[in-house]
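Trainee: Count along the sequence shown from 1, then add 285; that gives the number in the working numbering. Ideal Cβ positions, reconstructed from N, Cα and C, are used throughout, including at glycine. Since the model is a prediction, treat every value here as computed from it, not as a measurement.
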Amino acid sequence: MKKLYLIGNMKMNMTKSSLDPYFTELVKVAEKTDNIVGVCVPYVYLCKAQKMLEGSKVLYGAQNINEHASGAYTGEISASMLHDFGCELVIIGHSERRQMYNETDASVNEKVKVALSSGFTPVLCFGETLDERNANKHFDLVRTQIELATEGLTADDVKNIIFAYEPIWAIGTGMTATSDQAEEIISYAKDLIVAKFGVKKNEIIMLYGGSLKPSNAEDLLSKPSIDGGLIGGACLKMEDFESIIYQNVE
Ligand code: PEP
């Protein structure tokens, strides 16, 4: 059986009180599977995540990190602050941050370096828009994003990253990449990393994200290059998240 990585991205959802039953159940679910379970929560709930998830099989973390160590960056959160709450994961370069908060490939690269040097596992997102795919530019776009995001990294660094291919047209839209489309890009992106860093293909972890749900999980997750999923909407409903977490595929 393949050991899958199944990581929830709560985005700006959930409430303090709804997290009590949610985290309690997630700890139980993670105990019952060999798959690796994680969840990235809003900053303000990291304290609760630490109280309820630390020491369990559930990895947890944040949805962003600031590239600077400290200083006059109003509203931002540093690596040492995330450490204070025991974070293990940090999502970097999510398309919503790239599109709505002007994150560039250069800032994504800086954040990845800070996250790695601080001992976090970056969940590094990349993926194309529908226009880019329709114009047949998705391979070039993905290549550029991967090249710039991994600039200056070592082979060991890339082995410590969880990459996530998230076609923007599939995020929160209900439209899912077909398993063949996802496999094609993920295999291609892994080959790029193999060529650049001299690592083995099976040393790279790469997830699919974009309207992953119970009904399409098996099809996507059984593809040979796909190591798991980054799950937005479906992680908010424990029943759906559970059903994805319990997937057993070869
Ligand atoms: C995401 O935003 O990382 C994501 C995969 O969202 P959704 O599953 O809702 O498409």
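Using 8 angstroms for Cβ pairs, my map puts Met299 next to Leu521. What's the rounded Cβ distance?
Mentor: Stepping through the sequence shown from its first residue, residue 299 is reached at position 14. Stepping through the sequence shown from its first residue, residue 521 is reached at position 236. Yes, Met299 and Leu521 are in contact; Cβ-Cβ is about 7 angstroms, under 8 angstroms.
Trainee: Can you say whether Tyr358 is buried or exposed, counting buried as having 16 or more other CB atoms within 10 angstroms of its CB?
Mentor: Numbered from 1 along the sequence shown, position 73 holds the residue referred to as residue 358. Classification of Tyr358: exposed, given that the 10 Å Cβ count is below 16.
Trainee: Could you check what DSSP says for Pro604 in three-state terms: helix, strand or coil?
Mentor: Past the edges of the chain, shown from 286 to 535, lies residue 604, and the structure says nothing about it.
Trainee: Here's a check: name, in chain order, each residue in its chain whose Cβ is nearer than 8 angstroms to the Cβ of Glu451, leaving out the five neighbours to either side.
Mentor: By 1-based counting over the sequence shown, the position of residue 451 is 166. For Glu451, where only same-chain residues beyond five positions count, the Cβ hits under 8 angstroms are His379, Ser380, Cys410, Phe411, Gly412, Tyr493, Gly494, Gly495, Leu515.
Trainee: What are the boundary residues of the beta strand (DSSP E) that Cys325 is part of?
Mentor: Taking the sequence shown and counting its residues from 1, the one referred to as residue 325 is at position 40. That run of the beta strand (DSSP E) goes 321 to 325.
Trainee: Whole-angstrom Cβ separation of Val397 and Ala449, contact assumed at under 8 angstroms?
Mentor: The residue labelled residue 397 in the question sits at position 112 within the sequence shown. The residue labelled residue 449 in the question sits at position 164 within the sequence shown. Val397 to Ala449, Cβ: 13 angstroms. No contact.
Trainee: Please report the distance separating the alpha-carbon of Gly457 from that of Gly518.
Mentor: Position 172 of the sequence shown holds residue 457. Position 233 of the sequence shown holds residue 518. About 7 angstroms.
Trainee: Where does Ala467 sit, in a helix, a strand or coil, going by DSSP?
Mentor: Counted from its first residue, the sequence shown places residue 467 at position 182. Here Ala467 sits in helix by DSSP.
Trainee: Compute the distance between the beta-carbons of Gln430 and Gly371, then report whether it is under 8 angstroms.
Mentor: Position 145 of the sequence shown, counted from the start, is the residue given in the question as residue 430. Position 86 of the sequence shown, counted from the start, is the residue given in the question as residue 371. No, these two residues do not count as a Cβ contact at 8 angstroms.
Trainee: Taking the alpha carbon of Glu469 as the reference point, which residue from Phe526, Val427, Arg382 has its own alpha carbon closest?
Mentor: As a first step, residue 469 is located in the sequence shown; it is residue number 184 there, counting from the start. Selected option, being the one with the closest Cα: Val427.
Trainee: Given a threshold of 16 other Cβ atoms within 10 Å of its Cβ, counted over all protein chains shown, does Ala480 qualify as buried or as exposed?
Mentor: For the purposes of this step, residue 480 is taken as the residue at position 195 of the sequence shown. Exposed, because fewer than 16 other Cβ atoms sit within 10 Å of the Cβ of Ala480.
Trainee: I'd like to confirm the pairing. Which residues does DSSP put opposite Asn294 in its beta bridges?
Mentor: The residue given as residue 294 occupies position 9 in the sequence shown. The partner list for Asn294 (beta bridge, DSSP) reads Cys325.
Trainee: Skipping 5 residues on each side, what residues in its chain have a beta carbon closer than 8 angstroms to that of Leu289?
Mentor: Position 4 of the sequence shown, counted from the start, is the residue given in the question as residue 289. Hits under 8 angstroms: Asn320, Ile321, Leu506, Asp512, Gly513, Gly514, Gln532, Val534.
Trainee: Use the C-beta contact count for Lys486: other C-beta atoms within 10 angstroms, 16 or more gives buried, fewer gives exposed.
Mentor: Position 201 of the sequence shown, counted from the first residue, corresponds to residue 486. So Lys486 counts as exposed.
Trainee: Leaving aside the five residues before and after Ile478 along the sequence, list all residues of the same chain whose C-beta is less than 6 angstroms from its C-beta, in chain order.
Mentor: Here residue 478 is taken as the residue at index 193 of the sequence shown, counted from 1. Contacts found: Val443, Ile489.
Trainee: Under the criterion of a Cβ to heavy atom distance below 7 angstroms, does Asn533 qualify as lining the ligand PEP?
Mentor: Along the sequence shown, read from residue 1 onward, the residue named residue 533 stands at position 248. Result no, Cβ not under 7 angstroms from the ligand PEP.
Trainee: Over what stretch of residues does the alpha helix (DSSP H) that includes Phe370 continue unbroken?
Mentor: Stepping through the sequence shown from its first residue, residue 370 is reached at position 85. Looking at the DSSP string, Phe370 is not in any alpha helix (DSSP H), and its letter there is neither H nor E.
Trainee: Return the residue from the list Val314, Glu395, Tyr307, Asn351 that minimises the CA-CA distance to Val326.
Mentor: The residue given as residue 326 occupies position 41 in the sequence shown. Nearest of Val314, Glu395, Tyr307, Asn351 to Val326, Cα basis: Tyr307.
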